[in-house]
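K.L.:
Below is one structure. I have some questions about it.
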Amino acid sequence: MFDRRLFDLPKIKGTLFILMILTGIQALAIVAQSIFLAAVIVDLWSRHAFATVLPSLAGFALAFMLRQLLVVFKNTLMSHFAGKAVENFRVQLLEKYAAMGAPLITKYGTGHAVTSLVAGLDNTKNYFQLLLIKMFDLSIIPWIVLIAITYFNWIQGLFLLLIFPVIIIFFIILGLAAQKKADDEYANFKNLNNRFVDGLRGLPTLKQLGLANAYGREIYTISEDYRKTTMRTLRIAITSTFALDFFTTLSIAVLAVFLGLDLLNGKTILFPALSILVLAPEYFLPLRNFADDYHATLDGKNALTDVMAVLNRPEPTDTKLLNLDTWRSDSQLTLKDLDFYYEDEDQPTLADISFQVAGYQRVAIVGESGSGKSTLLNLLAGFLMPNDDEVIAVNQEILPHLDQEDWQKQYFYMPQSPYLFHDTLRNNLVFYTPGVDDDVLKEAIQQAGLKDLVDSLPDGLDTVVGEGGRQLSGGQSQRVALARMLLDPSRRVLLFDEPTAHLDIETELDLKKSMAPVFDQHLVFFATHRLHWLNQMDYVLVLRHGHLVEQGKPAELLAKPDSQLNSLRSELQQGLIHE
Amino acid sequence: MNEFKKMWRHDRWVLPFLREQKGGVIGSVLLSFGTIFAAAALMFVSGFLISRAAQRPSNILLIYVPIVLTRGFGIARPVFRYVERLVSHNWVLRIVSLARQRLYQSAASTASSIRSRLQTGQVLSLLADDLDQLQNLYLRTLFPIGAGIMLYLGSSIGIGVLNWHFMLVWILVLAFILILVPIFSFKMNRAKVQDQKELQSQLYTEATDAILGMQDWVLSGRQADLVKEQGRVMTALAGVKYKAMRFGWWRDFTIQGATVILMVLVLIWSDQQFKTDFIAINYIAAFTLAIIPLVDTFLSVNQGVGEASFYEDSITRLNDLPPVKPAESAIKLPTDSTIHFDQVSFAYPGDDKTVIKDLSFAVQPGEKLALLGRSGAGKTTILKLLAGDVVPSSGQVTIGDVAPSDLNDQLSEVVSVLDQHTYLFDTTILNNIRMGNVKATDEQVKTAVKQAGLADLIESLPDGYQTMMLEAGQRFSGGERQRVALARVLLQDAPIVVLDEPTVSLDPKTEYEVLNQMFSALADRTIVWVTHHLTGINRVDQIAFLKGGHFELTGTPTELYQDSPYFRELLALDQF
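Residue numbers (our numbering), protein chains in the order written: chain F, 411 to 989; chain B, 659 to 1234.
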């Protein structure tokens, strides 16, 4: 029942010790409260004057309030503890994600990563906060209460002790049945839920097809099916709580009847009997509380498992091998016989790739979709690792991969859709160069062709963009990335991944005019199937099905009628106006 | 507080359901009250039983009734609770069914058929979440309040029968526990809940920024900033949550304190009331012990009311939805499918920027028009005007002699739309395609599939047309999805087809193939095609370049090629 992983949390032992002491005191307060109450009632029943019961009454009230005060203390203690523990996890998670880098995050799922950071940590916190209290309550309070009851009447104590495992067994058996039922119905649930979401998501399509209204009835039918399925599962799940409820309540009733009979037969007197009656519900209370939150506890447990799984994921190693200050005009990058397989595929995505570039060359990587352009670019950026060591070299220094800190400082990566942060336009622009001069920023905005946009915004550079802020178009986002690039002249290597393929052709033309001048004095890798960029390049790598089928100067290859580049060209330009 | 009242006055999502489906509400509240009653009665009877037994009555028959009642209430409590949970959950799920239908209808009556991805996808799933929230509102807030009210009234009347002086005291103390503290806690919580929700959504934005922007954080070497900046919102949120929890803990503490006072008062009263009578004196134990289980109700009412403000946003959002309009009567369909834009200008309501400026053009039946332009030039707006999603601020849009916005549900008989967000539903391939025309015969479907170039693919599947889309969806590439959409459009058989960048996410080769298939299959229809580059452009009769809401450059492909250097420059990009 106790999760061993909890022992690894910082300060857990001290906190649990305090929690144990507090729970122990609480249990004693519960016993005291019950005995005092019984004493008050017995005294009044014996027709003593009300004034004579005042001390016991005060004892009852004090014990009762002490008990409640301890509840608040325990909650405060564990809340602080859980807060700190989860804050540690948050920092560790972020550091982990940073170490893993974007491609690994994408591989495990970005949605999942965001949920881990938000809901996952929240559930984990609840788990620490609620579970420990309930568990300590369950492992301390019933037993102290039981000792008190046994002291008054050992037969009743024995009865309560024996009924305890019976209740738990029934609870577990029915709980498992409910779980099984829920598992059985899971597919059904998912299906029904999907169909509802289907109706909402597909609404524009339904509207286009003139079916929007007809689908309303369908939605109702689906929801009613959903209700029936849910109720089938719920009936069993509720039965499990019912069993717990039934046995505990009935135990108390049986206890009361036996106590009554004992009293009738003169085997006991009112004070111990009443004390037992008041104590009996307290004996079961921790168990009921524990069972009530059982499912929330499971969520928390799973969340913790998720968080731990992320923290235990492997990180790239050997990231500090490369020693490179700046990419110079005489620097060299060599790839020799590079192969790359994605984990779950048996065909290589890239095979036998060899080339060498030097200085400020402008290299186009061209090919059809699926030919391996993006994979090659990702390998060059160090986002992916080649299958063999020693196939990459920078300035004759042999490296296992390009996930090198010194390499990452050299290049700027322009993806298809640059990510904009939920922040001001200014902060987005200076993301790579915080604290840059306003004049320099202005110059970059001008060069990147963003001036019109900035001028048209009422708040100018202070406009919030990104998720939930002002939406920028695809071309504008590219320009923001371009400005980031312009602001950081120290990065001498530029990697472009199809930056204009999804833009409309006029925007592409505009952007090309802004982008081309940036290539000067840089090593450029430009992956694209838009061959017009070849005009700006002085070297081209032609990929086909993962093989580097041709490399050379664009002009020379274009001049050869049977070159691979020309054959790619004719494939890509069907359906256009020809003379 | 005023907005709160206003919210309830215009409420169409919570109270109407309570009124319409009274049976379940009353049943749930009664059963929930029954549970408390049985719990209190169990302690009452067993307290009496023990107390009476201690007087050592001569015969067991004298305590026979309490013995039976003790067992009876012992069984009744869990049974009531069990039935109550079944009834209330069943009721709530039934309400959800009705609410989902209504939500859908409301959304359907306002949804637009052109590019409404943000509107529908996100907002609608948000609204679907709101409905789930409503379940909790009923189960955790409204039903406990109902049970609390019954307890308040029932117990006050019961005590009033015995002693109306003490009834006044009882009413007063319970007013504190069940009215004063809940209202106070609602007011105190409200601002905190708003803060909490605000921070929660910020946290999501931040986490999204961290994860999706990770590449930039790493490449810029700003990992340390990431960890530091991320901490702020989380710490603030933890702070707000902690305050709310702490408030809850102390509120519960207060309720417990008030309960102790209640018990002491009951002791004093029962002592005076019952002391003189040999049998009645046993009621001291009975009444005092019966108070203990009531705490559960006191706490759940307070908790429910405290949480109530969590649902406010959801209710407001739902109430802001337009009421469902009854279907409008049929209007005569246009006999002629010529599209006319006559001096059309358009600005979105509340925005002074004119998106379309004094635009006039006509598209004859069977003619093919390509629209190009940068983002924001007005392409989408033209399509929306054509589909009747919006109406011109001035000027006229007509198909034949009818304004598209008057066609309502019959628009789909005149205009088909094929966009990049083809939605494939989770049913069979056959059903998906037949959605174009539900009355189509299997033969017609097969013909459309053939024309869309899908026949080979579908026949190669083991289950053929009966393959479920979810399964097939993974096997279907982007190009194949668009072919499914094309087959639907073919079945739909509307004279005008709007193509809204249908191939934007496809690779060049597939794009060309799909476009070719579309233009061949739709040869006899009017086509208005928004495209982002020039692949397939030779298949159209007219090209129009939009800029700032009007046509900057128009002509046939050949004319433009001959006369416009700009067009040739663009073509050079595609034609390299």
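C-beta atoms are modelled at their ideal positions from N, C-alpha and C, and glycine is treated no differently.
These numbers come from a predicted model, not from an experiment.
Report whether the distance from the Cβ of ALA774/F to the nearest heavy atom of the ligand HEM is below 7 Å.
P.N.:
Ligands in the displayed structure: none, and consequently the ligand HEM is not present.
K.L.:
Pull up the distance between the alpha-carbon of HIS988/F and that of LEU1231/B, whole angstroms please.
P.N.:
Confidence at HIS988/F is low in this model, with a pLDDT of 45, below 50, so its placement is unreliable and the value that follows should be read with caution. Approximately 14 Å, taken between the alpha carbons.
K.L.:
Along chain F, which residues have their Cβ under 7 Å away from the Cβ of SER771/B?
P.N.:
PRO614, LYS617 and GLN618
K.L.:
What whole-angstrom Cβ distance do PHE765/F and GLN961/F have, given they're in contact under 8 Å?
P.N.:
A Cβ-Cβ separation of about 6 Å places PHE765/F in contact with GLN961/F under the 8 Å criterion.
K.L.:
Which same chain residues, not among the five before or five after LEU785/B, have their C-beta less than 8 Å away from its C-beta?
P.N.:
Sequence-distant partners of LEU785/B (beyond 5 residues in either direction) whose C-beta falls short of 8 Å from its own C-beta, in its chain, are LEU761, ALA765, ARG975, LEU976 and LEU979.
K.L.:
Can you tell me the Cβ-Cβ gap for LEU467/F and GLY705/B, rounded? I've got them flagged as a contact below 8 Å.
P.N.:
Rounded, the Cβ-Cβ distance is 17 Å, inconsistent with contact.
K.L.:
Can you name, in chain order, every residue of its own chain whose Cβ lies under 7 Å from the Cβ of LEU857/B, other than the five neighbours on each side?
P.N.:
VAL891, ALA894, LEU895 and VAL898
K.L.:
Would you say GLU778/F lies against chain B (beta-carbon separation less than 8 Å)?
P.N.:
Under the Cβ distance rule, GLU778/F counts among the residues neighbouring chain B, one pair being separated by less than 8 Å.
K.L.:
How long is the line joining the alpha carbons of LEU416/F and LYS845/B, rounded to whole angstroms?
P.N.:
38 Å
K.L.:
Cα separation between LYS591/F and VAL703/B?
P.N.:
39 Å
K.L.:
Tell me which residue opens and which closes the alpha helix (DSSP H) that VAL482/F is part of.
P.N.:
460 to 518
K.L.:
Check the DSSP bridge columns for PHE935/F and list the partner residues they point to.
P.N.:
Answer by DSSP bridge pairing, in chain order: VAL773/F and LEU905/F.
K.L.:
Run through chain F and tell me which residues come within less than 7 Å of ILE1091/B, C-beta to C-beta.
P.N.:
The contacting residues do not exist; ILE1091/B stays about 11 Å from chain F at best.
K.L.:
Leaving out the 5 sequence neighbours to the left and right, which residues in its chain are closer than 8 Å to GLN777/B when beta-carbon positions are compared?
P.N.:
Reliability fails at GLN777/B, whose pLDDT of 47 lies under 50, so the model's placement of it is uncertain and no value is given.
K.L.:
Quick one: is ARG714/B buried, meaning 16 or more other Cβ sit within 10 Å of its Cβ, or exposed?
P.N.:
exposed
K.L.:
Report the three-state DSSP secondary structure of ASP547/F (helix, strand or coil).
P.N.:
helix
K.L.:
Using the three-state DSSP reduction, which class does ILE1087/B fall into: helix, strand or coil?
P.N.:
helix
K.L.:
Is the shortest distance between the beta-carbon of LYS819/F and the beta-carbons of chain B less than 8 Å?
P.N.:
yes
K.L.:
Could you tell me how far apart the beta carbons of ARG1183/B and PRO1153/B are, in whole angstroms, since I believe they sit closer than 8 Å?
P.N.:
6 Å
K.L.:
Could you tell me which chain F residues have their CB closer than 7 Å to the CB of LEU1088/B, listed as they occur along the chain?
P.N.:
Correct list: empty, because the minimum Cβ distance to chain F is about 15 Å.
K.L.:
At a CB-CB cut-off below 9 Å, which residues of chain B make contact with MET947/F?
P.N.:
Under the 9 Å cutoff, chain B gives no residues; its nearest Cβ is about 12 Å from MET947/F.
K.L.:
So with Cβ pairs under 8 Å, would you call LYS1236/B a contact of chain F?
P.N.:
An answer regarding residue 1236/B cannot be provided, because it is not within the stretch 659 to 1234 covered by chain B.
K.L.:
Which residues mark the beginning and the end of the beta strand (DSSP E) in which GLU807/F is found?
P.N.:
In this chain, the beta strand (DSSP E) harbouring GLU807/F covers 807 to 809.
K.L.:
Measuring CB to CB, does LEU1029/B end up less than 8 Å from VAL1188/B?
P.N.:
yes
K.L.:
Under 8 Å, CB to CB, which of the residues in the segment 894 to 919 of chain F have a partner in chain B?
P.N.:
HIS912, LEU913, ASP914, ILE915, GLU916, THR917, GLU918 and LEU919
K.L.:
By the 9 Å beta-carbon criterion, what residues does the segment 490 to 512 of chain F contribute toward chain B?
P.N.:
HIS490, GLY493, VAL496, GLU497, ARG500, VAL501, LEU504, GLU505, TYR507, ALA508, ALA509, MET510, GLY511 and ALA512
K.L.:
Of all the CB atoms in chain F, is at least one closer than 8 Å to the CB of ILE1154/B?
P.N.:
no
K.L.:
List the residues of chain B that MET824/F touches, going by C-beta distances under 7 Å, in chain order.
P.N.:
Under the 7 Å cutoff, chain B gives no residues; its nearest Cβ is about 11 Å from MET824/F.
K.L.:
If ALA1190/B and GLU1159/B are in contact, beta carbons under 8 Å, what's the gap, nearest whole angstrom?
P.N.:
Here the sequence assigns His to residue 1190/B, which means Ala is not the residue at that position. Between GLU1159/B and HIS1190/B the Cβ distance is about 6 Å, and since that is below 8 Å, they are a contact.
K.L.:
Taking 7 Å as the limit between beta carbons, can you name the residues of its chain near LEU830/F, skipping five residues before and five after?
P.N.:
The residues are ASN838, VAL875, GLY876, LEU882, SER887 and VAL890.
K.L.:
Thinking C-alpha only, which one of ARG954/F, ILE428/F and ILE451/F is nearest PHE932/B?
P.N.:
Closest option to PHE932/B, Cα to Cα, is ILE451/F.
K.L.:
In the DSSP output, what is SER1052/B paired with across the bridge?
P.N.:
SER1003/B
K.L.:
Buried or exposed: which applies to ASP532/F, given that a residue is buried once 16 or more other Cβ atoms fall within 10 Å of its Cβ?
P.N.:
buried
K.L.:
Taking the alpha-carbon positions, what's the SER980/F to ILE629/F distance?
P.N.:
ILE629/F has its alpha-carbon roughly 50 Å from the corresponding atom of SER980/F.
K.L.:
Pick helix, strand or coil for VAL672/B, following the three-state DSSP scheme.
P.N.:
coil
K.L.:
So, is the C-beta of TRP737/F closer than 8 Å to a C-beta in chain B?
P.N.:
no
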